[in-house]
Amino acid sequence: MKYLVTGSAGLIGNQLVYDLEKSGEIVYSCYNNLKPIYGIPIQLDLLDLEGIHKIFKKIQPDIVIHSASLTDVEKCEVEQKLANSLNVTATEVIAKEVEQIGSYLMYISTDYVFDGNQGLYKETDLTNPLSNYGTTKLSGEKIIQDKTSRWSIIRTSTPFGKHYLKKTFPVWVYENLKINKKINILENQFTSPTYVPNLSEMILEIIFHRLEGFFHLAGSTKISRFEFAKMIATKFDLNLSLLNPVKIDSMPWKAIRPIDSSLDISKINTVLKTKPYTINQSLDDYVSNQ
-7 MKYLVTGSAG
3 LIGNQLVYDL
13 EKSGEIVYSC
23 YNNLKPIYGI
33 PIQLDLLDLE
43 GIHKIFKKIQ
53 PDIVIHSASL
63 TDVEKCEVEQ
73 KLANSLNVTA
83 TEVIAKEVEQ
93 IGSYLMYIST
103 DYVFDGNQGL
113 YKETDLTNPL
123 SNYGTTKLSG
133 EKIIQDKTSR
143 WSIIRTSTPF
153 GKHYLKKTFP
163 VWVYENLKIN
173 KKINILENQF
183 TSPTYVPNLS
193 EMILEIIFHR
203 LEGFFHLAGS
213 TKISRFEFAK
223 MIATKFDLNL
233 SLLNPVKIDS
243 MPWKAIRPID
253 SSLDISKINT
263 VLKTKPYTIN
273 QSLDDYVSNQ
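For the sequence shown, the working numbering begins at -7 and goes up steadily by one.
If you want it as structure tokens, here you go:
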């Protein structure tokens, strides 16, 4: 069985390729600039549509995990043409290639397809993105449904974990508090922080069973950024007084973020043997592996 993973040098892709290889699978690791550590490296520029076609024609993968996208929310808002090219146009080309080959496609999406007015969103809840990032990812979801026959769409929330280059929220909190730097943390934005090794395990279970449809794969704890930061500081025995709570309205962002984009995980709790971690479980494992 041949796997092709886009964005394989990214936070989620890196873990997926590692876990797939550990399971004995043949994995082609697609990347643009940062060469991946694991898998068979394949250079793939999502802006090179003909290049995408050639790679799919050559490899003929059985399973495709499309995790590559422009995830910088502010950059997506400012450079909308680039965001559309990477997150929408390239996704459509990949979907068409997958359908032509007859492969199974998994698309990694986001909680930012929701407006945040409700929280604890189920897979069947109405989408209403507030940012261009969310809009482009939702467009990608619709393309997958329209253009492919065998698909799954994964929505996740605030992924974090170890990575050889990328810094996730716990790293940012840790590095600032370690040098006694005071940092502003949102006290009224809520998500479902997702530990990437746990996310990868759930993804692999879905893939190995070829499950189809929408799945919300996220941590089982809805928590504010501020409370999350406090837990990180406590786990590392750092100074909590350096955490300054602020409101989301005070941030000088161009892109609007949802207030509460936490995800309901009742479906995967029923469907999967692998269960989402609580935030406490996630941080305990994260700290022990530092």
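Every residue gets a Cβ at the ideal spot worked out from N, C-alpha and C, and that includes glycine. Quick caveat, the model's predicted, so the values are computed rather than measured.
Length of the line joining the Cα atoms of residue 82 and residue 276: 38 Å
Cβ-Cβ separation, residue 216 to residue 179 (assumed contact under 8 Å), whole Å: 6 Å
Complete beta strand (DSSP E) runs within the segment 139 to 183 (minimum length 3 residues, chain order): As far as the segment 139 to 183 is concerned, its whole beta strand (DSSP E) runs of at least 3 residues are 143 to 148, 175 to 178.
Beta strand (DSSP E) segment containing residue 98, residue limits: Residue 98 -> beta strand (DSSP E) spans 96 to 102.
Where residue 116 falls: helix, strand or coil (DSSP): coil
Given residue 126 as reference, the closest of 144, 107, 135, 139 once Cα atoms are compared: 107
Where residue 205 sits in the DSSP three-state scheme: Strand, per DSSP.
Cutoff 6 Å; reference residue 140; Cβ partners in own chain excluding five residues on either side: 87, 90, 91, 97
Selected residue, minimal CA-CA separation from residue 67, among 268, 267, 271, 246: 246
Test: residue 132 CB closer than 9 Å to a CB of chain D: Chain labels in this structure do not include chain D; a single protein chain is all it has.
Cβ separation of residue 283 and residue 183, assumed to be a contact under 8 Å, to the nearest whole Å: Because the chain here runs from -7 to 282, residue 283 falls outside it and cannot be looked at.
Nearest-angstrom Cβ-Cβ length linking residue 129 and residue 101, presumed shorter than 8 Å: 5 Å
Element boundaries [alpha helix (DSSP H), containing residue 269]: Unbroken run through residue 269: none, as it is neither H nor E.
Cβ contact (3+ pairs, closer than 8 Å) linking the segment 1 to 21 and the segment 185 to 192: yes
C-beta contact flag for residue 23 and residue 32 at 9 Å: no
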